[in-house]
Each structure stands twice: as C-alpha cells, then as structure tokens.
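Enquirer: First residue of the sequence shown? That's 861 in our numbering, and the numbers climb one at a time after it. From the three backbone atoms N, C-alpha and C, an ideal C-beta is built for every residue, glycine too. Quick caveat, the model's predicted, so the values are computed rather than measured.
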Amino acid sequence: MESPAPPLRTFSGSVSNLPREELDLSATLRSGQLFRWVFDAEKGAWRGVIEGGYKLYLAQGDGDDLYWELEGDLSNAPDAETAVRRFLRIGEVDLAERGEAWASADGHFARAWASHPGIRVLRQDPQECFFSFLCASVAPIARIGSMLQAVSRECAGDAYGAFPTPDCLAETSEETFRALGLGFRAKRVAEAARRVASDLPPGFLASLRSVSHDDAKRELTTFFGVGEKIADCVCLFALDKDAAIPVDTHIWRMARAWYVPELAGTSLTAASYAKVGQAFLDTFGDKCGWAQQTLFYRAAVGSRGT
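Here it is as structure tokens:
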C-alpha cells in the first residue's frame, strides 16, 4: 500500500535524501518486525509508538523525503529528529550500499532486492518487542496485531498507545489473556510479565543491548516459552544484534535450498539452527540480519502482494 504525498503543513519535520533503496516505509512497517503500526488515512501517515512511549507519525512522499511528527510529553525526550532517526536507524546502516553489494554477491538476494529494496531493521522498544514475539507463535501478522491491540486496550486503555508496563501486564491474569484471544500464548505472557515486574531489575530487557548476542539470547531463553527463534527476533529487532537470524519456516526452507543444502531433508535442531545462522553470516557479513529481513519479506509477505 503506497500512501499519497503528504500535505507538508501537517508534519513537524522531515528527513531529506532518503531514497526508496534506503527506506521503503510501507514494506518495512509490514515486514513482520512490529505489529501495532497502522495507516491513518486522515493524517495520510503511518502511526505507531516508539521507545519512550512517544506517538510517531511517518509519511513517505513521492520523492526522497520522509515526513514525521512526534507526539507526547517530550520534556525528557531527545531531540525529536534524533528519536526518529534512532528508531529507523538512519545514518547507522547504509542499506542502499549494502543491498547492492549483497545483490552482487548472491543471486537469491538479488531477486529479492530487485522487487523489495529498502526494508530496514528498526530499533524497537525492547519490552514491546519481547511481548510481541511471545504472542507471535503460529500466528499470521494480522492476528498478532489483533492480540497486541487487545492486550494494550485491556492493560493500558489504548490499543495504539504506549505499550503496557510490566506491572500492568503482571496484574492481568492468564485467564484474561486467554479471553483476549492469546490462547496457549497466555501462559507465557503472564509468566514473563510477572518475572519482569517482580524478579528482574528495571530496564532489564533494554540492558541486554550492552551484552553480546550469545549472552542476550541465553538470558531470553530462560523465560518460559522462549526458544531460539523468539530470542533472535528480539535480539535483531530491539537489541541491536544485527547478525541475529530468526529461523522460521520461510528462512529454514530457503536456507536448506540455497545456503546449507547439506541440511535438505532434515529437521530443525539446535545444531542445524546454528548452521543456518553461520551460513547467513558467511554470506552477508555482520549485518546479515538485515539481508535476512529482505529475503523473509519476499517469501512471507511480498509474494502475496500485500
């Protein structure tokens, strides 16, 4: 879905010289990284919440400009444009340059890049990202969004506002989570909320940004219901671990076909999961999680034309 060029008077600021190869906003926000962003037709912009609880509107014009507006109590916020750039990781990773290099080195990626350039890996709030992927097992993207909206409405009073605090989530029973549509995921969400609220220091999830990928993953997999894939999703999308490779059914299928063909016909195990991650690292380097996201989008989302 492409939005029309936005009316400039309704936005607080803009980022210039951001071609589609650097950011395809619509595809990025629909690529299975985050689940509560929606297109606001009245505003002509995508609307969501970023780390710190700030509501952000984003719109991509017909040219190379990105328009933004940040709402909320900004008294303790960083410079607004800095917050936008930090969320989108603008200036940290030159995706256009890397995408072209990856496409030159790998024909499979080249086909994905030709049809879907500009899918960035975002820097999400670690708490929302963690609980989002606790809800993501065996569920399509739209269903995950519905579950998270229901949880946010129940616990914080706003389906699209700041994500509920651990304390608020911890006060919600497993039965309530089930009634909100979480099904078997309710137990893991309830137990994780109680642990984060009661047993761990404030900011524990965000603190995992400062440790290695292996150490962050080890900590995350101590939670009930968190395996390697969920842990790697949180590592990649919230904790700045750009070499994390979440191995879902799409990545597992393409890995066996293209990158580790010796695993063809085998089942996914801890050892083969590690081999897939190493194969992506060997092929795409230290930002291989970004390359993976483009390949994932083409397989899981882009092929449906949504």
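#1: If we ignore side chains and look at the alpha-carbon of each, how far apart do proline 864 and glutamine 920 end up?
#2: In chain order, what residues of the same chain have a beta carbon less than 6 Å from the beta carbon of methionine 861, not counting five sequence neighbours either side?
#3: Does the structure place the stretch 1135-1144 close enough to the stretch 1022-1037 that three or more beta carbon pairs sit under 8 Å?
#4: Between which two residues does the beta strand (DSSP E) containing tyrosine 914 stretch?
#5: How about tyrosine 914 and glycine 892: are their beta carbons less than 7 Å apart?
#6: Assuming phenylalanine 969 contacts threonine 1154 (C-beta within less than 8 Å), just tell me the rounded distance between them.
#7: Hey, out of Thr1143, Asp922, Gly908, Gly951, whose CA is closest to arginine 896's CA?
#8: Taking only the alpha-carbon atoms, compute the straight-line gap between glutamate 1034 and leucine 1008 and give it to the nearest angstrom.
#9: Does DSSP put aspartate 900 in a helix, a strand or coil?
#10: Valine 1094 and phenylalanine 993 look like a contact to me (Cβ under 8 Å); what is the Cβ gap, rounded to whole Å?
#11: For valine 898 and tryptophan 906, I'd like the C-alpha separation in whole angstroms.
#12: What first and last residue would you give for the beta strand (DSSP E) that runs through tryptophan 928?
#13: Go through its chain and collect everything with a Cβ distance to valine 981's Cβ below 8 Å, but skip five positions before and after it.
#14: For a minimum of 4 consecutive residues, which ranges assigned as the alpha helix (DSSP H) are wholly contained in the stretch 1039-1105?
#15: Between Ala901, Lys1147, Asp900, which has its C-alpha nearest histidine 1073's C-alpha?
#16: From alanine 901 to leucine 916, what distance separates their C-alpha atoms?
#17: Can you grab the Cα-Cα spacing for the pair glutamine 1174 / tryptophan 1118, in whole Å?
Expert: Let's see:
#1: Bear in mind that the predicted position of proline 864 carries a pLDDT of just 48, short of 50, making it unreliable; the figure below should be weighed with that in mind. Approximately 8 Å between the Cα atoms of the pair.
#2: Since pLDDT at methionine 861 reaches only 47, below the 50 mark, its modelled position is unreliable, and no value is offered.
#3: no
#4: 914-920
#5: no
#6: 7 Å
#7: Gly908
#8: Spanning the two alpha carbons is a distance of roughly 15 Å.
#9: strand
#10: 6 Å
#11: When rounded, the separation of the alpha-carbon atoms in valine 898 and tryptophan 906 is 6 Å.
#12: 926-931
#13: Gln893, Arg949, Val953, Leu1096, Phe1097, Asp1102, Gly1149, Trp1150, Gln1153
#14: Fully enclosed alpha helix (DSSP H) runs of 4 or longer: 1045-1058, 1064-1067, 1073-1080, 1088-1098.
#15: The shortest C-alpha separation from histidine 1073 is found at Lys1147.
#16: 15 Å
#17: With the chain represented from 861 up to 1166, any question about residue 1174 goes unanswered, as that position is not in the structure.
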